[in-house]
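Asker: In terms of my numbering, the sequence shown opens at residue 100 and continues consecutively.
Below is the structure I would like to discuss, written out as structure tokens.
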Amino acid sequence: MKSVLIAPRKYIQGRGVLAELGGCLKLLGTKPLVLWDPCVKGIVGQTVAASVHRAGLEMVDVEFRGEATREERDRVTAIARDHGADVAVGVGGGKVLDVAKGVAVEAGLKMVTCPTIASNDSPTSAASVWYDADHRFIGFDCWPFNPDVVLVDTEVIAAGPVRAFVAGMGDALSTWIEAAAAYKSRAQNLAGGLPTMAALAIAELCYRTLLEHGLDAKRAVEQHVVTPTVEKVVEANVLLSGLGFESGGLATAHMIANLLSNVPECKDLMHGEKVGFGIVTQLCLDDDVDVDEVYAVVDFAIEIGLPVTLADVNLEGVSRDRLRRGRRSRGAGDGCGRASLPRLREIGDLCAGEGSLCHNHPFEVTSQAVVDAMVAADALGRERKGLSLD
Ligand SMILES: [Zn+2]
Numbered sequence: 100m101k102s103v104l105i106a107p108r109k110y111i112q113g114r115g116v117l118a119e120l121g122g123c124l125k126l127l128g129t130k131p132l133v134l135w136d137p138c139v140k141g142i143v144g145q146t147v148a149a150s151v152h153r154a155g156l157e158m159v160d161v162e163f164r165g166e167a168t169r170e171e172r173d174r175v176t177a178i179a180r181d182h183g184a185d186v187a188v189g190v191g192g193g194k195v196l197d198v199a200k201g202v203a204v205e206a207g208l209k210m211v212t213c214p215t216i217a218s219n220d221s222p223t224s225a226a227s228v229w230y231d232a233d234h235r236f237i238g239f240d241c242w243p244f245n246p247d248v249v250l251v252d253t254e255v256i257a258a259g260p261v262r263a264f265v266a267g268m269g270d271a272l273s274t275w276i277e278a279a280a281a282y283k284s285r286a287q288n289l290a291g292g293l294p295t296m297a298a299l300a301i302a303e304l305c306y307r308t309l310l311e312h313g314l315d316a317k318r319a320v321e322q323h324v325v326t327p328t329v330e331k332v333v334e335a336n337v338l339l340s341g342l343g344f345e346s347g348g349l350a351t352a353h354m355i356a357n358l359l360s361n362v363p364e365c366k367d368l369m370h371g372e373k374v375g376f377g378i379v380t381q382l383c384l385d386d387d388v389d390v391d392e393v394y395a396v397v398d399f400a401i402e403i404g405l406p407v408t409l410a411d412v413n414l415e416g417v418s419r420d421r422l423r424r425g426r427r428s429r430g431a432g433d434g435c436g437r438a439s440l441p442r443l444r445e446i447g448d449l450c451a452g453e454g455s456l457c458h459n460h461p462f463e464v465t466s467q468a469v470v471d472a473m474v475a476a477d478a479l480g481r482e483r484k485g486l487s488l489d
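Laid out in structure tokens, this is it:
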């Protein structure tokens, strides 16, 4: 079995680096297509336009329609072809970047990502996550190449929403936990091989960086300032997590997060927030974890404000109902739980089903084991928060 590591060709991070975009694009083509939403354009539009203009390039300006659907990718691809664009540039959050990456592959263009929030590890990866028009997760594509340039302006990110920054830490916190689990089972990574030592070391560095600097960085971002810890955590959220998940491996934490995307109560949660609860679930599913380390992870998640209980992901009452059912005779569950309980069961069934990321563990994962792990995760989260376990 071979080992494979994939990565973007160039990664640039720092205060004000978005002003270098034009210079980067000039090395790749002559007619960049820039995809962004009106809000992001309002914030960084002048910087981007001035930079592209200074480089003497003609920009194709395309407004993102708000969801990472394959239809949106096809629409933007047609615009790229009509205008003869030769570079696809995504500016914004993960959904915009994922569509821009899809356009670059479909139309045969160079690929540049400029995340304006550090909320997930999409910017460096050769993958796009797809949703339908109703915001339901439908799957992901792995592309044959990673972005040519990833440009991460930490001043823009620190000026953005704290919630997005924390969600990014959730996505990044899972990287080592999942890669380590997947490595034990010799599962293939998204790059199509076993993880290299480099990928595992990067994933572990991501984890250690967050535990050491995450809280300081969050405090700085609350003040919208860039400090050395903000630089470190942005690198963890974007670069280390991106390389670590893609060339390391995924497991239960992301499977749970992906499935929660299709639960109506969870639709307003960010990806990394759902991963937060997925991490605690995976820690309760795994048969080979250090209890002190589990507590350290959950306490860190609570400190920075990541979801760790079912109530945190808007599913309050689900576990309590299940626990009551467990104490009562069969079929005596109360009315309000009947709608919720099958939902946990449904998640368990999909986790245990074919093609699930939960099979990237060195033990068999059953539907019941996943349901029990979610209930145990909720209890653990509530206990560490000092909440009642009734
Ligand atoms: Zn993720």
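C-beta atoms are modelled at their ideal positions from N, C-alpha and C, and glycine is treated no differently.
Counting C-beta neighbours from all protein chains within 10 Å, is the total for L486 16 or more, i.e. buried, or is it exposed?
Answerer: exposed
Asker: By alpha-carbon positions, which one of P107, V417, E277 and V265 ends up nearest to A478?
Answerer: V417
Asker: Residues in the same chain with beta-carbon distance under 7 Å from I197, minus the five sequence neighbours each way, listed in chain order, please.
Answerer: It should be pointed out that residue 197 corresponds to Asp in this sequence rather than to Ile. Around D197: A167, S221, S227 and V228.
Asker: Can you pull every residue whose C-beta falls closer than 6 Å to some heavy atom of ligand 1, listed in chain order?
Answerer: N219, D220, D270, H353, H370 and V374
Asker: Quick one: residues in its chain with C-beta nearer than 8 Å to the C-beta of Y394, no 5 flanking neighbours on either side, listed in chain order?
Answerer: By the criterion of a C-beta distance shorter than 8 Å, Y394 is surrounded in its chain by R483, once the five residues flanking it on both sides are discounted.
Asker: Are the beta-carbon atoms belonging to Q467 and V251 less than 8 Å from one another?
Answerer: no
Asker: Closest by CA to V255, which one among V388, R318 and H323?
Answerer: H323
Asker: Quick one: using the 10 Å Cβ neighbour count with 16 as the cut-off for buried, is V329 buried or exposed?
Answerer: buried
Asker: At 3 residues or longer, and completely inside the segment 141-227: list those beta strand (DSSP E) runs for me, N to C.
Answerer: 159-162, 186-191 and 209-214, all fully within the segment 141-227.
Asker: Roughly how many angstroms lie between the CA atoms of T274 and V143, to the nearest whole one?
Answerer: CA-to-CA, the gap between T274 and V143 works out to about 30 Å.
Asker: Going along the chain, which residues of its own chain have a beta-carbon closer than 6 Å to the beta-carbon of G201, five neighbours each way excluded?
Answerer: R172 and S227
Asker: Count Cβ pairs between the segment 264-283 and the segment 131-142 that sit closer than 8 Å; are there 3 or more?
Answerer: no
Asker: So, with DSSP's three-state summary, where would you put S284?
Answerer: coil
Asker: Residues in its own chain within less than 7 Å of V337 by CB, not counting five upstream and five downstream?
Answerer: P214, A217, D220, P222, T223 and V251
Asker: How should C305 be labelled, buried or exposed, when 16 other C-beta atoms within 10 angstroms of its C-beta is the threshold for buried?
Answerer: buried
Asker: From the DSSP secondary-structure annotation, give me the bridge partner or partners of C241.
Answerer: A226
Asker: Kindly indicate which three-state DSSP category L126 falls into: helix, strand or coil?
Answerer: Coil.
Asker: Taking its Cβ as the centre, do 16 or more other Cβ atoms sit within 10 Å of V390, making it buried, or is it exposed?
Answerer: exposed
Asker: In angstroms, rounded to a whole number, what distance separates the CA positions of V186 and L156?
Answerer: 11 Å
Asker: Taking the alpha carbon of I403 as the point to measure from, which residue in G371, F244 and D385 has its own alpha carbon closest?
Answerer: G371
Asker: With a threshold of 8 Å, are at least 3 pairs of Cβ atoms found where one atom belongs to the segment 442-453 and the other to the segment 342-356?
Answerer: Judged by Cβ distances under 8 Å, the segment 442-453 makes contact with the segment 342-356, as three or more pairs qualify.
Asker: Excluding five sequence neighbours on each side, which residues of the same chain lie with their C-beta closer than 6 Å to the C-beta of L456?
Answerer: Closer than 6 Å at Cβ, skipping near neighbours: L349, A350, H353 and M354.
Asker: Return the CA-CA distance between R114 and V320, expressed in angstroms with no decimal places.
Answerer: 13 Å
Asker: Using only CA atoms, which one of R318, E303 and V204 lies nearest to S340?
Answerer: E303
Asker: Taking C-alpha atoms, which residue in I378, L409 and D411 lies nearest to V71?
Answerer: This structure leaves residue 71 out entirely; the chain is present only between 100 and 489.
Asker: Alpha carbon to alpha carbon, what distance is there between R164 and Y230?
Answerer: 13 Å
Asker: Helix, strand or coil, according to DSSP, for F462 in the structure here?
Answerer: Coil.
Asker: Grouping DSSP H, G and I as helix and E and B as strand, with all else coil, what is D477?
Answerer: helix
Asker: Using 10 angstroms around the beta-carbon of P246, count the other beta-carbons present and answer buried if the total reaches 16, otherwise exposed.
Answerer: Its Cβ being crowded by 16 or more others within 10 Å, P246 is buried.
Asker: DSSP on R426, reduced to helix/strand/coil?
Answerer: The predicted model places R426 with a pLDDT of 40, which falls under 50 and marks its position as unreliable, so this point remains unresolved.
Asker: Name the one or two DSSP bridge partners that K109 has.
Answerer: Looking at the DSSP output, K109 sits in a beta bridge with V248.
Asker: Give me whichever residues DSSP pairs with W135 in a beta bridge.
Answerer: E162
Asker: Let me check understanding here. Comparing Cα to Cα, which of A179, T146, H152 and A106 lies closest to E162?
Answerer: Closest option to E162, judged by alpha-carbon separation, among A179, T146, H152 and A106: A179.
Asker: Apart from the five residues on each side of it in sequence, which residues of its chain come closer than 6 Å, Cβ to Cβ, to V249?
Answerer: P107, Y110, T212, P222 and T223
Asker: Go ahead and label V470 buried or exposed: buried means 16 or more other beta carbons lie within 10 angstroms of its beta carbon, across all protein chains shown.
Answerer: buried
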